[in-house]
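Counting in this note's numbering, the sequence shown runs from 1084 upward without gaps. For glycine and all other residues, C-beta sits at the position ideal for the given N, C-alpha and C.
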Amino acid sequence: MITIEKFFELFLKELETQPSLWSYYKFHTDPGSFEFRKAYFCQRLEYIARHIKKKDSQSWDLGCGYGTSALFLALNGYKVHGTTLEFYFKEIPDRMKYWAQFGEVSGFTYDYEDLFDPSVQRGQFDYIIVQDTLHHLEPLQEALHILHDHLKPEGEMVVIEENGSNIVQSLKLYRQRGNKRIIEYYDERLKKTILLGNENIRSLETWSREMKQQRLAIDQSSVHYVRAYPPFLFNRYGYNKAIEKEQKLWKSSAMARNYFFFGINFVAKPC
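Structure, rendered in structure tokens:
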């Protein structure tokens, strides 16, 4: 068993020897943003840990990236199958070797795979973790149909996403990609063209409407917002106090949580 704090400590030591991960995790790029980035990383991992509860469960980490969340769960005794694409995949074997020093990681298995060619069985999973991935899935309704079919009837989809109602992030993404919300690219390994949501983030209300079409319902009691304060406020208040203030803010102000919080987490269930 490993706590989130201990996992983060060991994760930072791993990063010291893995500069290929720096551009993604950014803990080494700006010391003034360290507490700010740590809070985002740890709160989202805490959310996943809080909702993956059954010890004998089977989880699918869809879009597992470098496998960080799956490795944490494996070290805590859970079985997780991760699927990913692109450059992330080649980094995972070395990461498995590193984390094997601190516990059993064989519960984490992984494949290079497109969602629309799943090798996993339907109705197999107690949990599907979709972290920073849901806004990339296109065509969305086909993707949600697959996710629904691969959950057990009592299963849960744990979603970690950007908040599509956030004013600052929406403007930033519009400047980057305009209205080109869906793109395609050719995957050399799979030898096929893949459709991709181009940072196609959505609001909670929009996700709810989209999911209802595939008989998935968002559990409103599970909704959780993260990251509103800029780095300098984390430095001013300190790590724990800044998080405490943020959590009080989204619970007390609809305007703040809808338009100024960067991240949104929720659980969706078959209905």
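query	result
CA nearest to the CA of LEU1098, picked from SER1291, GLN1296, HIS1111 and GLN1204	HIS1111
8 Å contact criterion, which GLU1288 and TYR1312 should meet: CB distance rounded	Not confirmed; about 24 Å, so no contact.
Option nearest LYS1235 by Cα separation, candidates ILE1211, GLN1252, ASN1246 and GLU1293	ILE1211
Contact test: PRO1313 Cβ vs the ligand ATP heavy atom, cutoff 8 Å	By its list of ligands, the structure shown contains no ligand whatsoever, and the ligand ATP lies outside what it can speak to.
Residue(s) in a DSSP beta bridge with LEU1278	GLU1267
Contacting residues, own chain, Cβ-Cβ under 8 Å from PHE1315 (five flanking each side not counted)	GLY1115
Residue range of the unbroken beta strand (DSSP E) whose run includes ILE1250	No beta strand (DSSP E) contains ILE1250, which is instead part of the alpha helix (DSSP H) from 1250 to 1260.
Alpha helix (DSSP H) segments (min. 4 residues) lying fully within the stretch 1200 to 1258	1223 to 1233
Residues of its chain near ASN1249, where Cβ-Cβ distance is below 6 Å and the 5 sequence neighbours each way are ignored	PHE1345
Start-to-end residues for the beta strand (DSSP E) that takes in ILE1301	1299 to 1309
Cutoff 6 Å; reference HIS1218; Cβ partners in own chain excluding five residues on either side	GLY1280, ASN1283 and ILE1284
Outcome for CYS1354 when other beta-carbon atoms lying within 10 angstroms are tallied against a minimum of 16	exposed
Contact set for PHE1349: own chain, Cβ-Cβ below 6 Å, skip 5 residues either direction	VAL1242, ILE1301, SER1305 and VAL1306
Any alpha helix (DSSP H) of 4 or more consecutive residues that is wholly inside the stretch 1126 to 1193	1151 to 1158 and 1175 to 1182
LYS1331 to LYS1275 span [Cα, whole Å]	47 Å
Residues of its chain near ARG1205, where Cβ-Cβ distance is below 7 Å and the 5 sequence neighbours each way are ignored	ASP1232 and HIS1233
Candidates LYS1162, ARG1133 and ARG1178: closest to PHE1094 by CA position	ARG1178
Proximity of GLY1238 and PHE1191 at Cβ, strictly below 9 Å	no
PHE1317 - containing alpha helix (DSSP H), residue span	1314 to 1320
Where the beta strand (DSSP E) through HIS1349 begins and ends	Contrary to the premise, residue 1349 reads as Phe rather than His in this sequence. Run containing PHE1349: 1346 to 1353, per the beta strand (DSSP E) assignment.
Beta-carbon spacing of GLN1126, ARG1319 below 9 Å	no
Proximity below 9 Å, CB of ALA1339 to CB of LEU1299	no
Of the listed residues ILE1085, TYR1171, PHE1091 and THR1100, nearest to LEU1156 (C-alpha basis)	ILE1085
Proximity to PHE1170 [Cα-Cα], best of GLN1252, ILE1131 and GLU1196	GLU1196
Distance between ASN1246 and ILE1229 (C-alpha atoms, nearest Å)	23 Å
Pair within 9 Å by beta-carbon distance, TYR1161 and SER1140	yes
N- and C-terminal bounds of the alpha helix (DSSP H) containing ILE1087	1087 to 1099
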